[in-house]
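> Everything in the sequence shown is counted per full-length UniProt numbering, starting at 1 for the first residue and increasing by one. Next up is a structure, given as structure tokens.
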Amino acid sequence: MRPVYITGTGAFLPGEPITNDAMETYIGELGDEHRRLGRATLRRNGIRQRHYTRTADGQITHSNAQLAANAVREALTQGRCRDDRLDFLATGTTQGDLLVPGFASAVQAELGIANLEIASFQSVCASSLMALKMAQFSVQSGQSEAAVASGSESACRWFQPDFYAESYRDNPDPGVEFLRWTLSDGAGAVLIEPEPAASGRSLRIDWIEQRSFADRFPACMYAGMADNRHDTEVWSHYRSPGEAHQAGALTLKQDLKLLYQIFPVWVGYYLEVLDKHGIEPGDIDAFLPHYSARSLGREMERLLEATGAMIPTERWFNNLETRGNTGSASVFVMLDDWLRSTDPQPGQTVLCFVPESGRALAAFMHLTVV
């Protein structure tokens, strides 16, 4: 199998940064109790600004596919890769712009690049690493010479007041408000090739590991059913989309109590991955963990300290405060920011960690600077 290198990264965050005080101008107002929960969420998540694909007057600036395409173009430009060299595109997202067809088709159409093999991955935060692993296999096996993987989210569309059932105004849910005041929009992408770039730094992909725990937990972050205790009552089983909407089956939800129950399982898997690859926490030069809130990052630190597997905090890199939680895009946006803001040296190692609350899975990626 051939080695695989990340030779270009790209990120695209739409519009100007939006501060906490301006958020409701963009996502709309639901009432005082919703605002109170939102302010509590902002204190927990530590986000100071984020980006949306919606203007203050309600106009949509970009589709999800356009976000991904812009990030892909940036990765190709940074990697000095001509469009006609690209032969594989894999995309990850929580929800594409359409229900059908697959999201990668829409991104290819936006790029206008012909003769591409494509693959669409729909999950939550880890879908981008699912896409990258598929692209990695394609390059390793010799089926592809230049592949790109993207992660992108257009989350703000879920949070407009009219997207919620009428009864929701009088019955706010902390988990729903957590998502409403945390998720944001953006895209990231990486270009991979079988040789490092001719100039500058490249990142060799040593391995990507991912495991699902859906056999142990119900859905934690979900849309398409009214609650996670009745996962057979899905949106398409209602008599109409309108009835599903009024039942709350189309609302994006988060089970916060369940989220904290999943955390120790993610950390247990982290320990397994380190043992499998013979890695000591002190061996990692840069740790890029995704987490949706500062409070969850602290919980991650607490558990790693308790297990004796803590990577020194001065080696952690995270951009949640300034980029917001961009879901599947987060790991690629974080990697792009890390490369631009530091001076990585050959031989340094990078560990990316993406826990996904969707239905409890976690993904890791180990890189070496060359």
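Every residue, glycine too, gets a C-beta built ideally from N, C-alpha and C.
What is the DSSP secondary structure of F263, reduced to helix, strand or coil?
In the structure shown, F263 sits in a helix (DSSP, three-state: H, G or I).
> For A187 and V4, what's the separation of their Cα atoms in angstroms?
For A187 and V4, the distance between alpha carbons rounds to 22 Å.
> Would you call G242 buried or exposed, if buried means 16 or more other Cβ atoms sit within 10 Å of its Cβ?
When all chains shown are included, G242 counts as exposed.
> Give the straight-line distance between the Cα atoms of A363 and Q108, rounded to the nearest whole angstrom.
If you take the alpha carbons of A363 and Q108, they lie about 26 Å apart.
> Taking H290 as the reference, give the member of N325, E272, P196 and N64 with the closest Cα.
For the residues N325, E272, P196 and N64, the minimum Cα distance to H290 belongs to N325.
> Return the Cβ separation of V267 and L303 in integer angstroms, given the expectation that the two are a contact with Cβ distance under 8 Å.
The Cβ separation is near 4 Å, so the contact holds.
> Which residue's Cα is closest to the Cα of L89: C81, L111 and A119?
Nearest option by C-alpha distance: A119.
> Over the uninterrupted beta strand (DSSP E) stretch that includes T307, give me the two end residues.
Run containing T307: none in the beta strand (DSSP E); it sits in the alpha helix (DSSP H), R294 to T307.
> For the segment 3–20 against the segment 336–354, are there 3 or more C-beta pairs whose distance is under 8 Å?
Flag = yes, the segment 3–20 and the segment 336–354 touch.
> Since A360 contacts R216 with CB under 8 Å, what's their CB separation in whole angstroms?
7 Å between Cβ atoms; contact.
> By the DSSP assignment, the beta strand (DSSP E) with V176 in it spans what residues?
Careful: V176 lies outside any beta strand (DSSP E), inside the alpha helix (DSSP H) at P174 to R180.
> Mind checking which residues open and close the beta strand (DSSP E) that includes Y90?
In the sequence on display, residue 90 carries Ala and not Tyr. F88 to T93 is the extent of the beta strand (DSSP E) around A90.
> Helix, strand or coil for Y270, going by three-state DSSP, please let me know.
It is helical.
> Does the beta-carbon distance from L132 to A149 come in below 8 Å?
Yes; because the gap between Cβ atoms is below 8 Å, this pair is in contact.
> Three-state secondary structure (DSSP) at residue 408?
One cannot answer for residue 408 here, as it falls past the ends of the chain, which runs 1 to 370.
> Given a cut-off of 8 Å, decide if F121 and Y91 are closer than it, judged by their beta-carbon atoms.
Checking the sequence shown, residue 91 turns out to be Thr, not Tyr. Yes, the pair counts as a contact, with Cβ atoms nearer than the cut-off.
> Which full runs of the beta strand (DSSP E) of 3+ residues lie inside the segment 68–135, going along the chain?
Taking only runs of at least 3 residues, the beta strand (DSSP E) segments lying wholly in the segment 68–135 are 88–93 and 117–122.
> Which of helix, strand or coil does DSSP assign to N325?
Note: N325 maps to strand in three-state DSSP.
> Mark L296 as exposed unless 16 or more other C-beta atoms lie within 10 angstroms of its C-beta, in which case mark it buried.
So L296 ends up on the buried side.
> Compare the Cα-Cα distances from L258 to each of M310, C220, L98 and P174 and report the closest residue.
Measuring from the Cα of L258, the nearest candidate turns out to be C220.
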